[in-house]
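Enquirer: Those protein sequence lines, which keep their order, are chains A and B.
Quick note on my numbering: the first sequence kicks off at 1 and runs consecutively.
Quick note on my numbering: the second sequence kicks off at 1001 and runs consecutively.
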Amino acid sequence: MSEPKELVLGAVAYDAKVVPIWEGFRAYFRERGLPFDFVLYSSYERQVEAHLRGDIDVAWSSPLAWIETVRAARTRGRTAEAIAMRDTDRDLTSVVLVRADGPIREVADLRGRRIGVGAADSPQATLIPLEVLAEAGLAGASLGEVVRHDVLVGKHGDHIGGERLAVEALLAGRVDAACVIDGNHLAFTREGLITKGQVRVVLQTPPYDHCNITILDGGPPAITRFRELLLAMSYEDARVRPLLDMEGLKAWCPGRTTGYALLERAVDRFGAIDRWLDGWLGRLADEARLAP
Amino acid sequence: MTAILDLGDLGLDEGAHLLIKRALASAHEVEVRGTSATLAIDLPAWTRAQGHRLEPRAGGFLLARGPDRWRGAERAGTLATPEAHAPARWGLAARGALVEAGAPELDLPLADRATVWADEAARLYAQAAAAQWDPATAIPWDAPAHHPPEVEDAVVQVMTYLIENETAALLVPVRFLGKLHPHFREVMQLLAIQAADEARHIEVFTRRACLRRDALGLSTAGGQASLATLFDEPDFAIASFLLSVLGEGSFLSLLWFLSDHAPDACTREVALLAARDEARHVAFGLAHLQRHVDEDPSVRERLAGAIERRHAALAHTAGLNAEVFDALVLLAAGSWEPADLRRGHAAVTALTQQMLQGRIQRLRRLGFDAERAAELAALHTRNFM
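#1: Going by the beta-carbon positions, is the gap between Val1245 (chain B) and Leu1286 (chain B) smaller than 8 Å?
#2: Give, in chain order, every residue of the region 1046-1066 of chain B whose Cβ lies closer than 7 Å to some Cβ of chain A.
#3: Can you have a look at Phe1231 (chain B) and say buried or exposed, based on whether 16 or more other CB atoms are within 10 angstroms of its CB?
#4: Identify each residue in the region 1127-1145 of chain B for which the Cβ-Cβ distance to at least one residue of chain A is less than 8 Å, and report them in chain order.
#5: Please tell me whether Leu1116 (chain B) and Val1187 (chain B) are closer than 8 Å, where the distance is taken between their beta carbons.
#6: For Gly1102 (chain B), which residues in chain A fall below 7 Å Cβ to Cβ?
#7: Could I get the ranges of all uninterrupted alpha helix (DSSP H) runs contained in the region 178-244 of chain A, with 4 residues as the minimum, in chain order?
#8: Quick check: His1183 (chain B) and Glu1083 (chain B), are their CB atoms within less than 8 Å of each other?
#9: Tell me the DSSP secondary structure of Arg1362 (chain B) in three-state form.
#10: Taking CB distances under 8 Å as the criterion, tell me whether Val70 (chain A) reaches chain B.
#11: Is Cys1210 (chain B) buried or exposed, if buried means 16 or more other CB atoms sit within 10 Å of its CB?
#12: Using a Cβ-Cβ cut-off of less than 9 Å, give me the residues of the region 248-272 of chain A that come near chain B, in sequence order.
#13: For Thr93 (chain A), which residues from the same chain have a beta carbon less than 8 Å from its beta carbon, with the 5 sequence-adjacent residues on both sides left out?
#14: Excluding the 5 residues preceding and the 5 following Val18 (chain A) in the sequence, name in chain order all residues of the same chain whose CB lies nearer than 8 Å to its CB.
#15: Which of the three DSSP states, helix, strand or coil, is assigned to His1261 (chain B)?
#16: Shortest alpha-carbon distance to Ala80 (chain A) belongs to which of A:Ile213, A:Gly140, A:Leu170?
#17: From the beta carbon of Glu1014 (chain B), is the nearest beta carbon of chain A less than 8 Å away?
#18: If we ignore side chains and look at the alpha-carbon of each, how far apart do Ala1327 (chain B) and Gly1222 (chain B) end up?
#19: Starting from the C-beta of Thr1317 (chain B), find all residues in its chain whose C-beta is less than 6 Å away, skip the five residues before and the five after it, and write them out in chain order.
#20: Does any residue of chain B have a CB that is nearer than 8 Å to the CB of Tyr235 (chain A)?
#21: According to DSSP, what are the bridge partners of Val8 (chain A)?
#22: Pop quiz: Asp87 (chain A) and Lys250 (chain A) are said to be a contact at Cβ under 8 Å. What is the actual Cβ separation, rounded to whole angstroms?
#23: Where does Thr1002 (chain B) land, buried or exposed, given buried means 16+ other C-beta within 10 angstroms?
#24: Beta carbons nearer than 7 Å to chain B: which residues of the region 184-198 of chain A have them?
#25: Cα-Cα, which of B:Arg1372, B:Ile1041, B:Ala1306, B:Ala1023 is closest to Pro1056 (chain B)?
#26: So with CB distances below 7 Å, who are the chain A contacts of Arg1071 (chain B)?
#27: Which same chain residues, not among the five before or five after Gln124 (chain A), have their C-beta less than 7 Å away from its C-beta?
#28: How is Asp279 (chain A) classed by DSSP in three states: helix, strand or coil?
#29: Kindly list the residues whose CB is nearer than 7 Å to the CB of Arg26 (chain A), restricted to its own chain and excluding five residues on each side of it in sequence; keep chain order.
#30: Taking DSSP as the reference, what is the three-state secondary structure of Leu1098 (chain B)?
#31: Need the endpoints of the beta strand (DSSP E) that Met1001 (chain B) sits in, please.
#32: Grab me the residues of Ala136 (chain A)'s own chain with a C-beta within less than 7 Å of its C-beta, minus the 5 sequence neighbours each way, in chain order.
#33: What are the start and end residues of the beta strand (DSSP E) that includes Val95 (chain A)?
#34: Excluding the 5 residues preceding and the 5 following Tyr235 (chain A) in the sequence, name in chain order all residues of the same chain whose CB lies nearer than 7 Å to its CB.
#35: Looking at Ala120 (chain A): is its Cβ nearer than 8 Å to the Cβ of Val70 (chain A)?
#36: With which residues is His1085 (chain B) paired in a DSSP beta bridge?
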């Protein structure tokens, strides 16, 4: 009898710790009788394409990768589903920081200013804050200059580096405002990058959701067991806790897709995935032409 | 019941989380209020990272306690007394600490009280800590010396031998120290300070040897073979028996001999200070072995077997360290005069007798009867350690 087929998850290697995280999850699933393995990708775009191609069964998607998957799948008549997410992926906000001793007091004062953002493809430090500013009437020429801090493009802002550079630029006076996720406002203050009273928050975005675990067309049969095991992970179980700590959650929650509307609008406004989607469709067409 | 916590203007970026944690420790739900400008940004972010639940309320936020990482935590024994066995899951935690479940298990095989513990460890450690001396000031390095050059050569040979033996006395216990469960804190501290003692001895013996010479003496294959058997010994009880009770015990007699017969004040002080430290090492070795033997009398025959094996292993080597013996004779004689040599020779013969008697005495303290103790003491390697 042949070995049961492994369920393969794709994740993006935005940091070296991704390896021990998924090694740990692999052991967790295998110990519970679920044949499981993972593949790491250097960018979310490679991962999304691999998922659509069927190389992987399930993908650990950034919010932007989720939208890429949904929209690419739609062009082929396929459906994407978010089956789980971390408790820490729900109801995040981003903030726009300015220097407390500067002239900017409210959002309208950002007109014509230099806005420091994270990597071009960061939902939290670039796309979502710029969308909220645009909806407040600050877009294009009226916004002034958008200064990107492109750390690890393709990793969709998973790396904290771009946001740190944006804050450093703000403090050094190279930009007039910096966009960061709410948790990093606190983290940067605690690590001493920002001292108390040095910055002011001029904008907090509405809440949005972050990563999710994505399947296509319902996924393989083993996905039911995979999701059960994931949702059963308890932070109070000492064997599981180190994995949850590394991945930054206390509990897995069922997936929901109500928290991506803001990013959807940003993607539409800025055409954030158009180039990739056109490229992918073009490659599919080329392959179809070359097929015997 | 919901507790109410007013943070005033204290922000999460200024330590307000301490007040929240304190409140959540005694109430499942806490209503948090505050006037910090960034409370509405930082509190949700902090709460999310902690796994607590948060709902906005009029004038504040309602926090509900999330999962508890301390469920399943256990105390690593009690502060005062070590447990009979220290489990690997306690890891490096201080004895008596509350240990979170799930910490990595360290490979610390010396984890049984019967094997490693002695009630005297704490006292001996405190004594050792108080008795640390500074080689730079404790020894009269500039003291005058009037002995003949060949006696100086003899001193250098003896120092060379002492350095070699002290190197073994440093490295052998340290190998066990790395395997000792830190639950037995006092033993760990004592072994560490013993290693520091040996490091200092190696320093002063080297410095004394080089005082008037720019080369050291001889290192014999037999001497090294004898010390090498200590390295091969995987059993902590046997290794400390061979090293502390037999080796360092005899070494102690040698150091006293040196302080009695030293040709100069510097050599005398070096020997005397080292002897004081070594006496503590022997006391600990004896104390923990006595306890071990009391708890498990079969250990006694294992110790006896170790001496027999060691003797057999050395039977084929040139174990007799003639160089050191002769150097000691010349050192005690102080000159090449036949009468002096006769006196020196008699003193070294008396030293070997003293070492033998010391070994017998210590073996008797471990519960060997007189006959067995004498038999085993005589078998002990002819090298001093």
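Just so it is clear, CB atoms sit at the ideal spot from N, CA and C, and this is done for glycine as well.
Expert: Taking the geometry as given:
#1: The sequence position of residue 1245 (chain B) within the second sequence is 245, counting from 1. The sequence position of residue 1286 (chain B) within the second sequence is 286, counting from 1. Yes, Cβ-Cβ distance for Val1245 (chain B) and Leu1286 (chain B) is below 8 Å.
#2: Trp1046, Arg1048, Ala1049, Gly1051, Gly1066
#3: Taking the second sequence and counting its residues from 1, one reaches residue 1231 (chain B) at position 231. Answer is exposed; the Cβ neighbour count stays below 16.
#4: none
#5: As a working mapping, residue 1116 (chain B) is identified with position 116 in the second sequence. As a working mapping, residue 1187 (chain B) is identified with position 187 in the second sequence. As written in the sequence, residue 1116 (chain B) is Val, which differs from the Leu given in the question. Yes.
#6: Translated into the one-based positions of the second sequence, residue 1102 (chain B) becomes position 102. Here the neighbours are Ala238, Arg239, Arg241, Pro242.
#7: 182-190, 223-231
#8: Taking the first residue of the second sequence as position 1, residue 1183 (chain B) is located at position 183. Taking the first residue of the second sequence as position 1, residue 1083 (chain B) is located at position 83. Their beta carbons are under 8 Å apart, which means His1183 (chain B) touches Glu1083 (chain B) by this criterion.
#9: Looking up residue 1362 (chain B) in the second sequence gives position 362. DSSP places Arg1362 (chain B) in helix when its eight states are reduced to three.
#10: Indexing the first sequence from 1 puts residue 70 (chain A) at position 70. Judged by the 8 Å Cβ criterion, Val70 (chain A) is not in contact with chain B.
#11: The residue labelled residue 1210 (chain B) in the question sits at position 210 within the second sequence. Counting Cβ neighbours within 10 Å, Cys1210 (chain B) comes out exposed, since fewer than 16 surround it.
#12: Gly248, Leu249, Lys250, Ala251
#13: Sequence index remark: in the first sequence, residue 93 (chain A) carries index 93 (1-based). Same-chain partners within the cutoff: Ile181, Asp182, Gln204, Thr205, Pro206, Pro207, Tyr208.
#14: Along the first sequence, one-based indexing puts residue 18 (chain A) at 18. Here the set comprises Ala11, Val12, Leu40.
#15: Position 261 of the second sequence, counting from 1, holds the residue named residue 1261 (chain B). Correct three-state label for His1261 (chain B): helix.
#16: What you label residue 80 (chain A) is simply residue 80 of the first sequence in a count that begins at 1. Comparing Cα positions, the closest option is A:Ile213.
#17: What you label residue 1014 (chain B) is simply residue 14 of the second sequence in a count that begins at 1. Yes - at least one Cβ of chain A is within 8 Å of the one on Glu1014 (chain B).
#18: As a working mapping, residue 1327 (chain B) is identified with position 327 in the second sequence. As a working mapping, residue 1222 (chain B) is identified with position 222 in the second sequence. In a straight line, the C-alpha of Ala1327 (chain B) is about 16 Å away from that of Gly1222 (chain B).
#19: Taking the second sequence and counting its residues from 1, the one referred to as residue 1317 (chain B) is at position 317. With a pLDDT of 46 at Thr1317 (chain B), under the threshold of 50, the modelled position of this residue cannot be trusted; read the value that follows with caution. Around Thr1317 (chain B): Gly1222, Ala1225.
#20: Locating residue 235 (chain A) in the first sequence gives position 235, where the first residue counts as 1. Closer than 8 Å: yes.
#21: The residue you call residue 8 (chain A) lines up with position 8 of the first sequence. A:Asp37.
#22: For this step, residue 87 (chain A) is matched to residue 87 along the first sequence. For this step, residue 250 (chain A) is matched to residue 250 along the first sequence. Yes, they are in contact, since the Cβ atoms of Asp87 (chain A) and Lys250 (chain A) sit about 6 Å apart, within 8 Å.
#23: Locating residue 1002 (chain B) in the second sequence gives position 2, where the first residue counts as 1. With fewer than 16 other Cβ atoms within 10 Å, it is exposed.
#24: His185, Leu186, Thr189, Arg190, Lys196
#25: Your numbering for residue 1056 (chain B) matches position 56 in the second sequence. Checked all of B:Arg1372, B:Ile1041, B:Ala1306, B:Ala1023; the closest Cα to Pro1056 (chain B) is B:Ile1041.
#26: Looking up residue 1071 (chain B) in the second sequence gives position 71. The answer, in chain order, is Glu236.
#27: Within the first sequence, residue 124 (chain A) is the residue found at index 124, counting from 1. So the qualifying residues of the chain are Leu92, Ser94, Gly157, Ile181.
#28: Residue 279 (chain A) sits at position 279 when you count from the first residue of the first sequence. First, the residue type needs correcting, since residue 279 (chain A) is Gly and not Asp in the sequence shown. Residue state, collapsed to three classes: helix.
#29: Against the first sequence, residue 26 (chain A) aligns to sequence position 26. Excluding sequence neighbours, Arg26 (chain A) sits near Phe36, Asp37, Phe38.
#30: For the purposes of this step, residue 1098 (chain B) is identified with residue 98 of the second sequence, where counting begins at 1. In this structure, Leu1098 (chain B) counts as strand in the three-state DSSP scheme.
#31: Locating residue 1001 (chain B) in the second sequence gives position 1, counting from the first residue. That residue, Met1001 (chain B), is in no beta strand (DSSP E); it is neither H nor E in DSSP.
#32: As a working note, residue 136 (chain A) is residue 136 in the first sequence. Answer for Ala136 (chain A): Val107, listed in chain order.
#33: Locating residue 95 (chain A) in the first sequence gives position 95, where the first residue counts as 1. That run of the beta strand (DSSP E) goes 94-99.
#34: Counted from its first residue, the first sequence places residue 235 (chain A) at position 235. The residues are Arg241, Leu244, Lys250, Ala251.
#35: Position 120 of the first sequence, counting from 1, holds the residue named residue 120 (chain A). Position 70 of the first sequence, counting from 1, holds the residue named residue 70 (chain A). It is not a contact, given that the beta carbons lie outside the stated cut-off.
#36: Residue 1085 (chain B) sits at position 85 when you count from the first residue of the second sequence. In DSSP, His1085 (chain B) forms a bridge with B:Asp1112.
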